[in-house]
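Going down the list, the sequences are from chains A and B. Each residue of the first sequence is one higher than the last, beginning at 194 in the numbering used here. Each residue of the second sequence is one higher than the last, beginning at 426 in the numbering used here.
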Amino acid sequence: MDFPVNCLKGIPNSSFINEEGFVLPHLFYFPSQPRDENWKEQSINWEDDEGCLQLTLNQRREDGEFQFQVGVAVIPTEEVNRLCRRPSVHNFLSYERQPITDNPYHGNLLLHKNASNVLMKAIAAGLALAVSEPKLR
Amino acid sequence: MIGYLQETESKIVFSVPYAERNENETFGLKSRLYLFSPSENRLVKSALQTIRDTTNKKIADESRNLLLLIQKIVVSLQHLNFDIAYLPPLTAVNVEDNSVLIEWTFRDFRIGFTIEDNREDSGWYLVSNRKLGEILASGSIANIDLEKHLLWLLNFVFSHSQ
Numbered sequence: 194m195d196f197p198v199n200c201l202k203g204i205p206n207s208s209f210i211n212e213e214g215f216v217l218p219h220l221f222y223f224p225s226q227p228r229d230e231n232w233k234e235q236s237i238n239w240e241d242d243e244g245c246l247q248l249t250l251n252q253r254r255e256d257g258e259f260q261f262q263v264g265v266a267v268i269p270t271e272e273v274n275r276l277c278r279r280p281s282v283h284n285f286l287s288y289e290r291q292p293i294t295d296n297p298y299h300g301n302l303l304l305h306k307n308a309s310n311v312l313m314k315a316i317a318a319g320l321a322l323a324v325s326e327p328k329l330r
Numbered sequence: 426m427i428g429y430l431q432e433t434e435s436k437i438v439f440s441v442p443y444a445e446r447n448e449n450e451t452f453g454l455k456s457r458l459y460l461f462s463p464s465e466n467r468l469v470k471s472a473l474q475t476i477r478d479t480t481n482k483k484i485a486d487e488s489r490n491l492l493l494l495i496q497k498i499v500v501s502l503q504h505l506n507f508d509i510a511y512l513p514p515l516t517a518v519n520v521e522d523n524s525v526l527i528e529w530t531f532r533d534f535r536i537g538f539t540i541e542d543n544r545e546d547s548g549w550y551l552v553s554n555r556k557l558g559e560i561l562a563s564g565s566i567a568n569i570d571l572e573k574h575l576l577w578l579l580n581f582v583f584s585h586s587q
């Protein structure tokens, strides 16, 4: 399956960036509960075209406010691939497309359920470091 | 008790254990009181303020102790003429999963600590980008000599952050 050059991760509020504007790792923390017998997931959008950024920025919560009030983090797919290939991460990190109603760009970063909490947070830091640029509102 | 020595050629700092010496036979051992200047406080001040909002006292205490230990070692290194003026401040975050994230964020690498209610789940990490060899190292902070480990991480900071 083909994947575009970048994926996007929405930044819900300012607690996810530090004073220097760097994205912080907890934006990429995985939930404690796996979705199935193998993987935990967190949502991303694949930047197949320019519409992806607009759709991500325009996503709204149930109360009508923008879901991602700060903006989006742009993560190069090649950097995710390089992270997946590191010896301590190999077989623990993956990704997928998962189009959903009203969002054809939707996908997931996947963490194997056997990854320790310590490793999960190191991987999250690796993903935060891989952010090429946050696109702020 | 740990002291620090800098190797002249490599500039790497080593920790050196030394015995307490009773400097005053009449009044006993001198207390070691660490007073930090405003420039030294700059590195951890914001993070310490964040920890004030941490609701779990055990996590708050452990986070505060870690920040003060980092500050103490950095100041010790400053006394060995390391320049700390360019170092960015540490960031602390109270995360929704009830942990505390403490991170030293640089453009090419990050050093971080996650403090959890269950100490076995508390950890450290060092991640770097391609420019610095794509390191991804991590581990638990339970059952390690944290001061020696911090010194190892700080050597990385001083070697790669200028």
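Don't be surprised by glycine CBs; every beta carbon is placed ideally from N, CA and C.
Beta-carbon separation (whole angstroms), residue i vs residue j, contact threshold 8 Å
i, j, result
"V198 of chain A", "A266 of chain A", "Incorrect: roughly 14 Å between the Cβ atoms, too far for contact."
"G264 of chain A", "P205 of chain A", "Not a contact, Cβ separation roughly 10 Å."
"C200 of chain A", "W239 of chain A", "5 Å"
"L579 of chain B", "V499 of chain B", "7 Å"
"I536 of chain B", "V469 of chain B", "No, I536 of chain B and V469 of chain B are not in contact; Cβ-Cβ is about 14 Å, not under 8 Å."
"T530 of chain B", "N211 of chain A", "6 Å"
"F538 of chain B", "I566 of chain B", "7 Å"
"S586 of chain B", "L512 of chain B", "7 Å"
"N554 of chain B", "L322 of chain A", "6 Å"
Test: residue i CB closer than 8 Å to a CB of chain A
i, result
"R544 of chain B", "no"
"R535 of chain B", "yes"
"N554 of chain B", "yes"
"Y550 of chain B", "yes"
"V469 of chain B", "no"
"V558 of chain B", "Residue 558 of chain B is actually Gly in this sequence, not Val. Chain A contact via Cβ: absent."
"V525 of chain B", "no"
"D508 of chain B", "no"
"V500 of chain B", "no"
Sheet register partners of residue i (DSSP bridge)
i, result
"F538 of chain B", "B:I527 and B:W549"
"T516 of chain B", "B:E528"
"W413 of chain A", "This structure leaves residue 413 of chain A out entirely; chain A is present only between 194 and 330."
"H305 of chain A", "A:W232"
"L561 of chain B", "B:V552"
"N296 of chain A", "A:I293"
"A266 of chain A", "A:K202 and A:P327"
"V500 of chain B", "V500 of chain B pairs with nothing; no bridge assigned."
"I210 of chain A", "A:V216"
"F259 of chain A", "A:R253"
"S287 of chain A", "A:L303"
Cutoff 8 Å: residue i Cβ touching any chain B Cβ
i, result
"G319 of chain A", "yes"
"S208 of chain A", "yes"
"R330 of chain A", "no"
"K314 of chain A", "yes"
"V198 of chain A", "no"
"L322 of chain A", "yes"
"S236 of chain A", "no"
"E213 of chain A", "yes"
"N307 of chain A", "no"
"N301 of chain A", "no"
Cβ shell of residue i (< 6 Å), same chain only, five flanking positions each side left out
i, result
"P227 of chain A", "K233 and K306"
"F223 of chain A", "K233, Q235, L304 and M313"
"F209 of chain A", "L217 and L220"
"N296 of chain A", "none"
Cβ neighbours of residue i in the same chain (closer than 8 Å, five flanking residues each side left out)
i, result
"S325 of chain A", "N199, V267, I268, P269 and E272"
"R489 of chain B", "L473 and I476"
Same chain only: Cβ atoms within 7 Å of residue i, ignoring 5 sequence neighbours per side
i, result
"F261 of chain A", "G203, I204, P205, T249, L250 and Q252"
"V282 of chain A", "L276 and I316"
"V520 of chain B", "L526"
Residues of the segment 217-230 of chain A whose Cβ lies closer than 8 Å to any Cβ of chain B, in chain order: L217, P218, H219, Y222 and S225
Residues, ordered as in the chain, of the segment 477-492 of chain B that lie near chain A by beta-carbon distance below 9 Å: none
Positions along the segment 247-273 of chain A whose CB lies within less than 7 Å of some CB in chain B: none
Where the segment 558-586 of chain B meets chain A: residues whose CB sits under 7 Å from a CB there: E559, L561, S563, G564 and S565
The segment 280-298 of chain A: positions lying closer than 8 Å to chain B by Cβ: S281 and V282
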